[in-house]
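A quick write-up on the structure given underneath.
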Amino acid sequence: MVIILSDDLIRQRESEKEFSNFFSNIMTAYREGKHIIIISPKYVKILLQDELVKQEAKIILKHYLNHNKSIINILDYVKVVIYVVPSSIELTRYSSIKSKIEFRCIYLSELLDSATIQKSIILGENGKDSDLYSFFAEYYRLKKNLDHLVIKYKPQTGGGSTIEKEYETIYRNKEEFCICLVDSDKRAPHKQIGDTARKVLKINVKMEKENFNMKCHLLILNTLMAENLLPDTFYKTAYKADVLKKKIISSLNILEKDDCNIKHYFNYKKGIECITSCDDCKSEIKYYLCPLVKKHNFLLKDNKFIPGFGNKVLEDFIDYEDKYIEIDKDERVQSHWIKIGAIVASFTLTCPAIRVM
Ligand SMILES: [Zn+2]
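Numbering follows the numbering used here, in which position 45 of the sequence shown is assigned residue number 30; successive positions increment by one, without gaps.
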């Protein structure tokens, strides 16, 4: 997360009771490489002379002064930043039209505890979702040549409970920064988002009204599942030994000519199951995918027009070596990766940890 200490906050620091503790905490975040900290150079020099700043924090601040001059450029790349303002200013969220950044104002009281400066959480539905989403951020970092920065995050899932409960807990606690991602479960363009996405969205709307937390962000993917965002060549290469799976992508490419969004809605895990007469087909595919696939006679096996790749796709992709090369080559997928990557990176990009004497 990019945390900007506003000039106003520093100017009014003497009226902020906890400024000294807050500033030490922020300097620890910088030293440990948990977040990107931005302070105007002019005020860094003033703070170095200030008695309010503890000795240990000053040592780290000196390092900051000497090594962190160009960090302000990061604002060209992130979409959400945290802006710490003095308690005399009202809290708001505003977007800069020019830079397309959302500035989220918070008070220093929300950054006093050491728990509040730990790594941002990537919250996903299950298993390795968080790791998959971190690759979006990593891809974005590589494409933008942010070589001096790293992606750091704490993976978390709904675990024993469900993702909406977990999100609500994190949201209420107001400790760590958190980006929560869910797939849309949308099975056709005219269908609504699925149950899980709807539940998390409901929590988000409810909490935003009750007790807005600037540290949390919800992102609902606009595809059926994360599998819909993986490059064609990955599927072709990883499953080339399987006679049935081998043909899936070429079948989809044919369908894509009839409907350019088919790869958003195709169920990559289970495929498209259709009973010949369509009498028993689920309504979501009956009026969308069934007519499309029937036209091309894709019946392969067991009434499935097109089979799926099974349940291990994400794990296979995570272990897949050439993932970024394949994304580069796949225009449809790449635009999603850049867009999603920019948001996830806004929460997870940070400087490497430093060593100070
Ligand atoms: Zn059907």
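The beta-carbon is built from N, C-alpha and C at its ideal position, and this holds for glycine as well.
Near ligand 1: residue i beta-carbon under 7 Å from a heavy atom
| i | result |
| --- | --- |
| I291 | no |
| K314 | no |
| K271 | yes |
| I382 | As shown, the chain starts at -14 and ends at 342. That puts residue 382 outside it, with no answer to give. |
| I178 | no |
| C201 | no |
| C165 | no |
| I260 | yes |
| C266 | yes |
| C275 | yes |
Residues near residue i in its chain [Cβ-Cβ closer than 6 Å; skip 5 each side]
| i | result |
| --- | --- |
| D301 | A223 |
| K184 | E149 |
| H202 | I164 |
| A100 | E160 |
| G179 | D170 |
| I24 | L(-10) |
| K200 | F162 |
| I44 | V341 |
C-beta contact flag for residue i and residue j at 8 Å
| i | j | result |
| --- | --- | --- |
| L204 | L166 | yes |
| L347 | Y156 | There is simply no residue 347 to check, as the chain begins at -14 and stops at 342 in what is shown. |
| S105 | F197 | no |
| I(-5) | Y28 | yes |
| W322 | I312 | yes |
| E269 | K137 | no |
| V69 | S169 | no |
| M(-14) | I74 | no |
| E95 | K159 | yes |
| Y253 | A173 | no |
| L209 | T335 | no |
| K19 | I82 | no |
| T147 | G112 | no |
| Y220 | I239 | no |
| Y124 | G326 | yes |
| I91 | I56 | no |
Where the alpha helix (DSSP H) containing residue i begins and where it ends
| i | result |
| --- | --- |
| R78 | Where R78 is concerned, there is no enclosing alpha helix (DSSP H), although the beta strand (DSSP E) it sits in stretches over 78 to 81. |
| C275 | 274 to 280 |
| L299 | 298 to 303 |
| H249 | 247 to 250 |
| V228 | 228 to 231 |
| S5 | 4 to 16 |
| I74 | Where I74 is concerned, there is no enclosing alpha helix (DSSP H), given that its DSSP letter is neither H nor E. |
| L186 | 180 to 196 |
| E311 | 308 to 314 |
| Y152 | 148 to 158 |
| K271 | 268 to 271 |
| A223 | 217 to 223 |
Close beta carbons around residue i, own chain, < 8 Å, minus the five adjacent residues each side
| i | result |
| --- | --- |
| K314 | P216, T218 |
| L37 | R(-2), E(-1), F4, S5, F8 |
| Y1 | The identity of residue 1 in the sequence shown is Glu, whereas the question assumes Tyr. Counting only Cβ-Cβ distances below 8 Å, and skipping sequence neighbours, we find L(-6), F7, P71, S72, L93. |
Cutoff 7 Å; reference residue i; Cβ partners in own chain excluding five residues on either side
| i | result |
| --- | --- |
| K39 | S5, S9 |
| E87 | K64, V65, R78, S80 |
| K255 | G293 |
| Y118 | I107, G109, L166, V329 |
| D116 | P140, I303 |
| T181 | E110, I148, V167, D170 |
Beta strand (DSSP E) segment containing residue i, residue limits
| i | result |
| --- | --- |
| L127 | Not the beta strand (DSSP E): L127 falls in the alpha helix (DSSP H), residues 114 to 128. |
| I57 | Taken as a continuous stretch (DSSP letters only), I57 belongs to no beta strand (DSSP E), as it is neither H nor E. |
| H175 | Counting along the chain, H175 falls outside any beta strand (DSSP E), and DSSP gives it neither H nor E. |
| V167 | 163 to 167 |
| I24 | Note, I24: premise wrong, no beta strand (DSSP E); not H, not E. |
| I107 | 106 to 109 |
Bridge partners - residue i, DSSP secondary structure assignment
| i | result |
| --- | --- |
| F68 | Here residue 68 turns out to be Tyr, not Phe, going by the sequence shown. Answer is I(-11), C90. |
| V135 | T335 |
| L204 | L166 |
| I291 | I257 |
| Q40 | DSSP lists no partner for Q40. |
| T142 | G109 |
Proximity test, residue i beta-carbon vs ligand 3 heavy atom, cut-off 7 Å
| i | result |
| --- | --- |
| C263 | In terms of ligand content, the structure shown lacks ligand 3 and carries ligand 1 instead. |
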